[in-house]
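In full-length UniProt numbering, the protein residues as written are 1 to 78.
Take a look at the structure below.
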C-alpha cells in the first residue's frame with residue numbers, strides 16, 4: 001500500500017521554485033485545494049463516525065458499511 005505524503009511536511013512550491021510561506025502558515029483545512037490537486041483528501045474515521053463505530057456509504061446506488069473493529073482495523077462490506 002503506498003504511503004500518503006503529508007503536505008505539512010512538504011510545503012507547496014510556487015512557480016519560481018521557492019517554498020510558499022503563505023501556504024505553509026495557513027492551516028491545511030484553509031488552503032485552497034488547487035495547491036494540492038493530486039493529494040487525496042484525508043478524513044479521520046472518527047470525524048466520519050461521530051455517532052458510533054460504523055458509517056454507511058452510498059456509492060452509485062449501492063450501500064456499503066464501513067466499520068471499525070475492536071482491534072482498530074476497518075472493514076468495508078457491501
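C-beta: ideal position from N, C-alpha, C; glycine also.
So, residue 55 versus residue 48, is the Cβ gap smaller than 9 angstroms? Contact annotation: residue 55 and residue 48 have beta-carbon atoms nearer than 9 angstroms.
Once you ignore the five residues that flank residue 45 on each side, which residues in its own chain have a CB closer than 7 angstroms to its CB? Excluding residues up to 5 positions away in sequence, 68 and 74 lie with their Cβ nearer than 7 angstroms to the Cβ of residue 45 in the same chain.
Three-state secondary structure assigned by DSSP to residue 77: Per DSSP, reduced to three states, the secondary structure at residue 77 is strand.
Where residue 58 and residue 76 are concerned, what is the direct C-alpha to C-alpha distance, given to the nearest angstrom? So the two alpha carbons sit approximately 12 angstroms from each other.
Mind checking whether residue 78 and residue 62 have CB atoms under 9 angstroms apart? Yes.
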